[in-house]
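Visitor: Have a look at this one before I ask anything.
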Amino acid sequence: MLLQVRDLHVEFRTHDGVAKAVNGVSYEVDAGETLAVLGESGSGKSVTAQAIMGILDVPPGRITGGEILFQGRDLLQLKEDDRRKVRGAEMAMIFQDALSSLNPVLSVGEQLGEMFVVHRGMSRKDARAKAVELMDRVRIPAAKERVGQYPHQFSGGMRQRIMIAMALALEPALIIADEPTTALDVTVQAQVMDLLAELQQEYHMGLILITHDLGVVADVADRIAVMYAGRIVETAPVHDLYKAPAHPYTRGLLDSIPRLDHKGHELYAIKGLPPNLMAIPPGCAFHPRCPRAQDVCLTDEPPLYAVAEDGARESACHFWRETLRDA
Amino acid sequence: MTPEPMLEVRGLVKHFPLTRGILFKKKIGAVKAVDGVDFDLGSGETLGIVGESGCGKSTVAKLLMNLERPTAGLIRYKGEDITRLSGRALKAVRRNIQMVFQDPYTSLNPRMTVGDIIGEPYEIHPEAAPKGDRRRRVQELLDVVGLNPEYINRYPHQFSGGQRQRIGIARGLALRPEIIVADEPVSALDVSVQAQVVNLLDRLQSELGLSYVFIAHDLSIVRHISDRVGVMYLGRIVETGTDTEIYEHPTHPYTQALLSAAPVPDPEARAHRDRIILSGDVPSPANPPSGCRFRTRCWKARERCAVEVPLLAVPEGFAPGGGPGAHASACHFAEERHVVPNGA
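As you go down the protein sequences, you meet chains H and B in turn.
Quick note on numbering: the first sequence equals residues 0 to 326 in numbering that gives the first Met the number 0.
Quick note on numbering: the second sequence equals residues 0 to 343 in numbering that gives the first Met the number 0.
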């Protein structure tokens, strides 16, 4: 297994109290596999990713428990120097907003080439040739002519391709993409998603795709993990989850999206608001918003129940059987 | 539709000049943000406008609100052109056309209480509510949008994104307008909260008889809320029709590409659908292509497209009134193509 996150806990200390952002998250990604981590703002999906990459803001953030095993080593036990060697070379991250992630005063060629100069000790000239090669790989037209241009001279879609090129540069074993297409237009979104999926296959990388959009992940992910209030509430192979969710929160999310193929009546809306991370409800964190909530949900925190025999599906709902049956 | 529409927009154009020099500004070109837009909005109707960034949809919203003056064209509100109005006459019209903004975080003043924010329109239009009555009106508005009337003295930061958007909607309703222009009103919200706000807008429309211009990039939300839809590309409407006509019988290649690229939360429906992946990016509105503006990315483009601007009308070959395919589409080679699979 390429990456195993085990029982990860992350909290943020603020003036108003301790915000529990991640509360016992476990997931795995294998080489060549795509895991989509789905959740709304505050669900802990990005904080988990930052902990894996080792780019969490400490303080106020703090990892209070758990392990992150990457190719067998626990990253949380490594020294910062060793951690830095892993970051970029063995795992890389793609961010949502390419314009603010790229340096505006360096040409894209310099930024791409820097990876090779710093990690591989290449000369500037060789690094530049590598940069052109990478830009070709992510299908930026006229790469040779554009290698000296600056980020603002590229369109949003092209900038996101440069981000992908930068992540791929050292051929890492794992890529974490945090909302990689959210800032892009629909027609460009499809281009970038296709490119990412294709390159992942080619390099046989593990890919963690973090998103809030149920539509974007539907045809690129192998498995989906749904997060709510810092916990995974459901994991499933992608087809199973869309066909029959086993958690009322997933069900609610799927039902609340308007459809393209017909004009519905009133949309289903999950009542209430996502929880305050400083005061997560006891028992099941979703119970105040859940149409199925019973007394047991107010007191007993549901474990991840095995929904499928082989362990490929899990649901953190006391009533997963009923949810699945009514799907 | 009523015989006289609420709004009639004809030949609307907005060019922003590009200048060089500081002291002696020389005009060197123009960004053609909106370049010839026509539409009607009926009473109680919702017109959805979809398009990608830079297509001019937000500029249309600003023009409708009279926040920008058009370079050319007319906007008639109940028969009267409002683009040349000023002073008292403009103020009177503005009472009836109100706006809901995209970002509930920056569109509410953080130092004003919710009561002051929602009541501010009464300061500008004192005739709308007598002074002693305003607090009660604001509380009523809070109730209408589903917020607790006791929150009247709280500040925006004490609310979540979805609640703030409700505050923005309450402010838009304060003067009892007839038309609401909503520019991406739910795109900053989480999925589970989006549905709540969309349902609220639906409910308010039927209760108060509002007309909406609903501007968004999310195709499925636009379909859900709109009676008619206009698809914009580089400053022009390229196709317009009822939601069924646009979503089930699109004839313009851009609409087809947009629909086929829309993320659909169902892997099985996606496997069966006809995917059109456009190459390249949207050209700059400062220097749009000649003829049809979409031709640089269109797989059907031929010589004619470079020289002849396609008009927004029922295309040749489609008999007017001849089924849902026969609606206005600005393409020389318009033909129906079904791109949205069932289950999408």
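Note that the Cβ used here is the ideal one computed from N, Cα and C, for glycine as well.
Quantities reported herein were computed from a predicted structural model and do not represent experimental measurements.
If the cut-off is 7 Å on Cβ atoms, which residues from the stretch 122–154 of chain B count as contacting chain H, listed in chain order?
Guide: none
Visitor: Over the uninterrupted beta strand (DSSP E) stretch that includes V104(H), give me the two end residues.
Guide: Counting from one through the first sequence, the residue named residue 104(H) turns up at place 105. Run containing V104(H): none; DSSP gives neither H nor E here.
Visitor: Helix, strand or coil for K242(H), going by three-state DSSP, please let me know.
Guide: The count along the first sequence starts at 1 and reaches residue 242(H) at position 243. Helix, per DSSP.
Visitor: Within 8 Å of any Cβ in chain B, is that where the Cβ of Y26(H) sits?
Guide: Within the first sequence, numbered from 1, the residue matching residue 26(H) stands at position 27. No, no contact with chain B.
Visitor: Chain H beta carbons: is any one of them nearer than 8 Å to that of R222(B)?
Guide: Start at 1 with the first residue of the second sequence, and residue 222(B) comes out as number 223. True, the Cβ-Cβ gap to chain H drops below 8 Å.
Visitor: For a minimum of 3 consecutive residues, which ranges assigned as the beta strand (DSSP E) are wholly contained in the stretch 53–139 of chain H?
Guide: Fully enclosed beta strand (DSSP E) runs of 3 or longer: 60–69 and 90–93.
Visitor: In whole angstroms, give me the CA-to-CA distance for P284(B) and F15(B).
Guide: Indexing the second sequence from 1 puts residue 284(B) at position 285. Indexing the second sequence from 1 puts residue 15(B) at position 16. Inter-residue distance for P284(B) and F15(B) is about 10 Å (C-alpha atoms, whole angstroms).
Visitor: Could you check the C-alpha separation between E79(H) and E10(H) for me, to the nearest Å?
Guide: Numbered from 1 along the first sequence, position 80 holds the residue referred to as residue 79(H). Numbered from 1 along the first sequence, position 11 holds the residue referred to as residue 10(H). Going by the C-alpha atoms only, they are around 20 Å apart.
Visitor: Tell me the DSSP bridge mates of M111(B)?
Guide: Taking the first residue of the second sequence as position 1, residue 111(B) is located at position 112. DSSP output for M111(B) lists no bridge partner at all.
Visitor: For L252(H), return the contacting residues in chain B, with the cut-off set at a CB-CB distance below 8 Å.
Guide: On the first sequence, position 253 is the one that residue 252(H) refers to. Those within 8 Å of L252(H) in chain B are V190 and S191.
Visitor: For the beta strand (DSSP E) containing K31(B), name the first residue and the last one.
Guide: Against the second sequence, residue 31(B) aligns to sequence position 32. Judged by DSSP secondary structure, K31(B) falls within the beta strand (DSSP E) whose first and last residues are K25 to L40.
Visitor: For T249(H) and chain B, any beta-carbon pair shorter than 8 Å?
Guide: Within the first sequence, numbered from 1, the residue matching residue 249(H) stands at position 250. So no, T249(H) is outside the interface.
Visitor: Taking Cβ positions only, does K262(H) come closer than 8 Å to chain B?
Guide: The residue you call residue 262(H) lines up with position 263 of the first sequence. Interface residue, yes.
Visitor: Given a cut-off of 8 Å, decide if L2(H) and F69(H) are closer than it, judged by their beta-carbon atoms.
Guide: Here residue 69(H) refers to the residue found at position 70 of the first sequence. Here residue 2(H) refers to the residue found at position 3 of the first sequence. For F69(H) and L2(H), yes; Cβs fall inside 8 Å.
Visitor: Going along chain B, which residues have a C-beta under 8 Å from P244(H)?
Guide: As a working note, residue 244(H) is residue 245 in the first sequence. Here the premise fails: no neighbours, minimum Cβ distance about 11 Å.
Visitor: Among the candidates E206(B), P282(B) and E307(B), whose CA atom is the shortest distance from the CA of Y232(B)?
Guide: Looking up residue 232(B) in the second sequence gives position 233. The option with the nearest alpha carbon to Y232(B) is P282(B).
Visitor: What alpha helix (DSSP H) runs, 4 residues minimum, are completely inside the stretch 97–155 of chain B?
Guide: 113–123 and 133–143
Visitor: Look up S210(B) in the DSSP assignment and say whether it is helix, strand or coil.
Guide: Counted from its first residue, the second sequence places residue 210(B) at position 211. Of the three classes helix, strand and coil, the one that applies to S210(B) here is strand, per DSSP.
Visitor: Check each candidate in P262(B), S191(B) and I236(B) and name the one with the smallest Cα separation from V187(H).
Guide: Here residue 187(H) refers to the residue found at position 188 of the first sequence. Looking at the Cα atoms, P262(B) is the closest of the given residues.
Visitor: Let me confirm a value: Y253(B) is counted as buried when at least 16 other C-beta atoms fall within 10 Å, else exposed. Which label applies?
Guide: For the purposes of this step, residue 253(B) is identified with residue 254 of the second sequence, where counting begins at 1. Buried, because 16 or more other Cβ atoms sit within 10 Å of the Cβ of Y253(B).
Visitor: Chain B beta carbons: is any one of them nearer than 8 Å to that of S40(H)?
Guide: To locate residue 40(H), count along the first sequence from 1; it is residue 41. At least one chain B Cβ lies under 8 Å of S40(H).
Visitor: On the three-state DSSP scale, how would you describe G86(B)?
Guide: Position 87 of the second sequence, counting from 1, holds the residue named residue 86(B). G86(B): helix per DSSP, three-state reduction.
Visitor: With DSSP collapsed to three states, give me the class of K19(H).
Guide: For the purposes of this step, residue 19(H) is identified with residue 20 of the first sequence, where counting begins at 1. In the structure shown, K19(H) falls within a strand segment according to DSSP collapsed to helix, strand and coil.
Visitor: Taking the runs of the beta strand (DSSP E) that are 3 residues or longer, which of them lie wholly in the stretch 210–283 of chain B?
Guide: 210–215, 227–232 and 235–241
Visitor: Does D294(H) get closer than 8 Å to chain B when you measure Cβ to Cβ?
Guide: As a working mapping, residue 294(H) is identified with position 295 in the first sequence. At a cut-off of 8 Å, the C-beta of D294(H) has no neighbouring C-beta in chain B.
Visitor: Just how far apart, CA to CA, sit I74(B) and S289(B)?
Guide: In the second sequence, residue 74(B) corresponds to position 75, counting from 1. In the second sequence, residue 289(B) corresponds to position 290, counting from 1. Approximately 27 Å, taken between the alpha carbons.
Visitor: Would you say A261(B) lies against chain H (beta-carbon separation less than 8 Å)?
Guide: Within the second sequence, the letter at position 262 stands for residue 261(B). So, interface residue.
Visitor: Using DSSP's beta-bridge definition, name the partner residues of E7(B).
Guide: Indexing the second sequence from 1 puts residue 7(B) at position 8. Answer by DSSP bridge pairing, in chain order: D39(B) and R75(B).
Visitor: In the DSSP output, which residue or residues are listed as bridge partners for S331(H)?
Guide: Beyond the ends of chain H as shown, which are 0 and 326, falls residue 331(H); an answer cannot be given.
Visitor: Using C-beta distances below 8 Å, list every residue in its chain close to T1(B), excluding the 5 sequence neighbours before and after it, in chain order.
Guide: Translated into the one-based positions of the second sequence, residue 1(B) becomes position 2. Confidence at T1(B) is low in this model, with a pLDDT of 46, below 50, so its placement is unreliable and no value can be given for it.
Visitor: Which residues in the same chain have their Cβ closer than 8 Å to the Cβ of D15(H), if we skip the five residues on either side of it in sequence?
Guide: For this step, residue 15(H) is matched to residue 16 along the first sequence. Counting only Cβ-Cβ distances below 8 Å, and skipping sequence neighbours, we find M277.
Visitor: CA-CA distance, S52(B) and F293(B)?
Guide: Sequence index remark: in the second sequence, residue 52(B) carries index 53 (1-based). Sequence index remark: in the second sequence, residue 293(B) carries index 294 (1-based). Each residue's alpha carbon lies about 15 Å from the other.
Visitor: Round the Cβ separation of D221(H) and E39(H) to the nearest angstrom and send it over; I've been treating them as touching at under 8 Å.
Guide: Within the first sequence, the letter at position 222 stands for residue 221(H). Within the first sequence, the letter at position 40 stands for residue 39(H). About 22 Å separates the two Cβ atoms, so there is no contact after all.
Visitor: Would you please state the rounded distance, in angstroms, between the beta carbons of P247(H) and P290(H)? I believe it to be under 8 Å.
Guide: The sequence position of residue 247(H) within the first sequence is 248, counting from 1. The sequence position of residue 290(H) within the first sequence is 291, counting from 1. Confirmed, Cβ separation roughly 6 Å.
Visitor: Under 8 Å Cβ to Cβ from A71(B), same chain only, skipping five residues before and after it: list those, please.
Guide: To locate residue 71(B), count along the second sequence from 1; it is residue 72. G10, L11 and V12.
Visitor: Suppose you measure from the CA of H264(H) to the CA of R202(B); what does that come to, to the nearest Å?
Guide: Taking the first sequence and counting its residues from 1, one reaches residue 264(H) at position 265. Taking the second sequence and counting its residues from 1, one reaches residue 202(B) at position 203. Cα-Cα distance, rounded: 11 Å.
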